[in-house]
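The opening residue of the sequence shown carries number 3 in the working numbering; numbering runs sequentially from there.
Heads up: the structure comes next, in structure tokens.
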Amino acid sequence: MIHFLQRLSQAFLHAIFPPKCLICSSYYAWQPSAGKLGSDLISDSTAPYFCESCRTGLIPIASPFCSKCGLPFVSREGDSHTCYECLLELQKRAHSPSRQSGTAGLASESKNDKIPYSRRFPVPLERDCRELQKKHFRMARAFGVYDGSLMEAIHLLKYGKKTFLSRPLSILARKTFFQFWDVDAIDLLVPVPLHIKRLRERGFNQAHLLIRRWAKQEHIPCDGLTLFRTRWTEPQTTLSRTDRQKNIKGAFSLRRPENIKGHRILLVDDVYTTGATVNECARVLMEAGAEFVDVLTLARAV
3 MIHFLQRLSQ AFLHAIFPPK CLICSSYYAW QPSAGKLGSD LISDSTAPYF
53 CESCRTGLIP IASPFCSKCG LPFVSREGDS HTCYECLLEL QKRAHSPSRQ
103 SGTAGLASES KNDKIPYSRR FPVPLERDCR ELQKKHFRMA RAFGVYDGSL
153 MEAIHLLKYG KKTFLSRPLS ILARKTFFQF WDVDAIDLLV PVPLHIKRLR
203 ERGFNQAHLL IRRWAKQEHI PCDGLTLFRT RWTEPQTTLS RTDRQKNIKG
253 AFSLRRPENI KGHRILLVDD VYTTGATVNE CARVLMEAGA EFVDVLTLAR
303 AV
């Protein structure tokens, strides 16, 4: 009876004061679900914040995608496997003079063992691999494609300082976390840090906003202080892949490396574009003795 009255009062309030979409600012009709969430968990969980049109503009990343970097494949058939670029990186490492194991490591890391070796690498090694950087993280996963409503929401949060968007976006980040990880599998959440100058200008770190609520609810430690930026860098959005790698190289350090040693780290950021930023962070964390570094981002550029 109490739940019925609560739903009735909510329906009455929404009839008089319809919700306003946090992305497009349009008013829309929405009735709270009477029972369990429906089959579309994304739509159900974001319905109190986004209109139907903007919810439709969210494009979740679903299998098949790269098992290493999380890049979704154009073909929607088949299982997730290692993408061409990650295979090239593995080939580059296999051909490195310092690597003595030949192609055995490649075979064990790739899930494409049935694909002929020549078809995995149809383009000469020297042309494709010169600018490839070793990926220091174990795997990267993202909620959705960096486009449409998700891109607009992230831009409004970061550049429009619409911090109220952190609530629905953190719901999507939480959903992605539980899709790929267990609470017991991660020791520490680490948001990618901003430079102190940018943090003062913006007033917040969007990566930290994406995790602070549910990290506390799930009792997962979150450390936003140990990893920090050592210098100012140009915005990555204006740079090419090669320039991004050069721009971010050596831009991170650790205040207390002992906080990282032996821990299973989940590095969190808002967008994975080329992976240069999260990869540099992962390198610093791994050199400090982390057991592994995984990456969770809200969006993935494709």
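Cβ atoms here follow ideal geometry from the backbone N, Cα and C, with glycine treated the same way.
Per-residue burial, residue i [other beta carbons within 10 Å of its own, 16 or more giving buried]
{"i": "Asp186", "result": "exposed"}
{"i": "Asp271", "result": "buried"}
{"i": "Ala253", "result": "buried"}
{"i": "His221", "result": "exposed"}
{"i": "Trp234", "result": "exposed"}
{"i": "Arg78", "result": "exposed"}
{"i": "Tyr119", "result": "Because Tyr119 sits at a pLDDT of 35, beneath the cut-off of 50, its placement in the model cannot be relied upon, and the following sentence gives the value as read from the coordinates. Exposed, since its Cβ has fewer than 16 Cβ neighbours within 10 Å."}
{"i": "Pro74", "result": "buried"}
{"i": "Lys38", "result": "The predicted position of Lys38 is uncertain, since its pLDDT is 45 and thus under 50; no value can be drawn from it."}
{"i": "Lys248", "result": "exposed"}
{"i": "Gln181", "result": "exposed"}
{"i": "Gly80", "result": "exposed"}
{"i": "Glu293", "result": "exposed"}
{"i": "Arg132", "result": "Confidence at Arg132 is low in this model, with a pLDDT of 47, below 50, so the placement of that residue should be treated as unreliable; the coordinate-derived value is given next. When all chains shown are included, Arg132 counts as exposed."}
{"i": "His210", "result": "buried"}
{"i": "Phe179", "result": "buried"}
{"i": "Gln93", "result": "buried"}
{"i": "Arg243", "result": "exposed"}
Close Cβ partners of residue i (< 6 Å) along its chain, the five nearest in sequence each way excluded
{"i": "Pro124", "result": "The predicted position of Pro124 is uncertain, since its pLDDT is 42 and thus under 50; a value taken from the coordinates is nonetheless stated next. So no residue of the chain qualifies."}
{"i": "Pro21", "result": "Trp32"}
{"i": "Ser55", "result": "none"}
{"i": "Asp130", "result": "Residue placement at Asp130 is poorly supported in this model, since its pLDDT is 44, which falls under 50; the coordinates are not used for a value here."}
Simplified DSSP state of residue i, which is helix, strand or coil
{"i": "Tyr30", "result": "coil"}
{"i": "Arg257", "result": "coil"}
{"i": "Ala209", "result": "helix"}
{"i": "Lys305", "result": "In the structure as shown, the chain starts at 3 and stops at 304, and residue 305 therefore has no counterpart that could be examined."}
{"i": "Ile222", "result": "coil"}
{"i": "Tyr86", "result": "helix"}
{"i": "Pro195", "result": "coil"}
{"i": "Gly72", "result": "coil"}
{"i": "Ala144", "result": "strand"}
{"i": "Asp189", "result": "coil"}
{"i": "Phe139", "result": "coil"}
{"i": "Asp184", "result": "coil"}
{"i": "Lys113", "result": "Confidence at Lys113 is low in this model, with a pLDDT of 43, below 50, so its placement is unreliable and no value can be given for it."}
{"i": "Pro62", "result": "strand"}
{"i": "Thr299", "result": "strand"}
Contact set for residue i: own chain, Cβ-Cβ below 7 Å, skip 5 residues either direction
{"i": "Ser45", "result": "Arg57"}
{"i": "Met288", "result": "His138 and Val295"}
{"i": "Cys224", "result": "Leu191, Ile213, Arg214 and Ala217"}
{"i": "Thr2", "result": "Nothing can be reported for residue 2: it is not among the residues displayed for the chain, which extend from 3 to 304."}
{"i": "Arg121", "result": "Note that Arg121 has pLDDT 39, beneath the 50 cutoff, so the model's placement of it is unreliable and no number is given."}
{"i": "Asn281", "result": "Gln135, Lys137, His138 and Phe139"}
Residues near residue i in its chain [Cβ-Cβ closer than 8 Å; skip 5 each side]
{"i": "Gly291", "result": "Pro259, Ile262, Lys263 and Gly264"}
{"i": "Cys169", "result": "The question names Cys, but residue 169 is Arg in the sequence shown. Counting only Cβ-Cβ distances below 8 Å, and skipping sequence neighbours, we find Tyr51 and Arg215."}
{"i": "Gln208", "result": "Ile156, Leu159, Lys160, Ser168 and Asp272"}
{"i": "Thr232", "result": "Gly252, Ala253, Phe254 and Ser255"}
For residue j and residue i, believed in contact at Cβ under 8 Å, the rounded distance
{"i": "Ile25", "j": "Val147", "result": "Actually they do not touch by this definition, with Cβ atoms about 16 Å apart."}
{"i": "Lys163", "j": "Arg202", "result": "Between Arg202 and Lys163 the Cβ distance is about 13 Å, and since that is not below 8 Å, they are no contact."}
{"i": "Met141", "j": "Ser47", "result": "Their Cβ separation, rounded to whole angstroms, is 24 Å, which puts Met141 and Ser47 out of contact at 8 Å."}
{"i": "Arg302", "j": "Ala144", "result": "4 Å"}
{"i": "Val273", "j": "Ile156", "result": "7 Å"}
Residue of the options minimising C-alpha distance to residue i
{"i": "Thr299", "options": "Ser27, Glu79 and Ala175", "result": "Ala175"}
{"i": "Cys88", "options": "Gln135, Val304 and Phe230", "result": "Gln135"}
{"i": "Leu257", "options": "Val280, Leu227, Thr244 and Gln247", "result": "A small fix is needed here, since residue 257 is Arg in this sequence, not Leu. Measuring from the Cα of Arg257, the nearest candidate turns out to be Leu227."}
{"i": "Lys199", "options": "Asp245, Tyr30, Arg140 and Pro237", "result": "Pro237"}
{"i": "Ser285", "options": "Phe145, Cys53, Leu269 and Thr275", "result": "One point to set straight first is that residue 285 is Arg, not Ser, in the sequence displayed. Out of Phe145, Cys53, Leu269 and Thr275, Leu269 has the C-alpha closest to the C-alpha of Arg285."}
{"i": "Leu167", "options": "Arg140, Asp184 and Phe206", "result": "Phe206"}
{"i": "Asp189", "options": "Ile267, Glu91, Gln93 and Gln208", "result": "Ile267"}
{"i": "Val304", "options": "Gln208, Thr275 and Gln219", "result": "Thr275"}
{"i": "Cys23", "options": "Thr240, Glu154 and Leu196", "result": "Glu154"}
{"i": "Gln219", "options": "Ile173, Tyr30 and Leu196", "result": "Ile173"}
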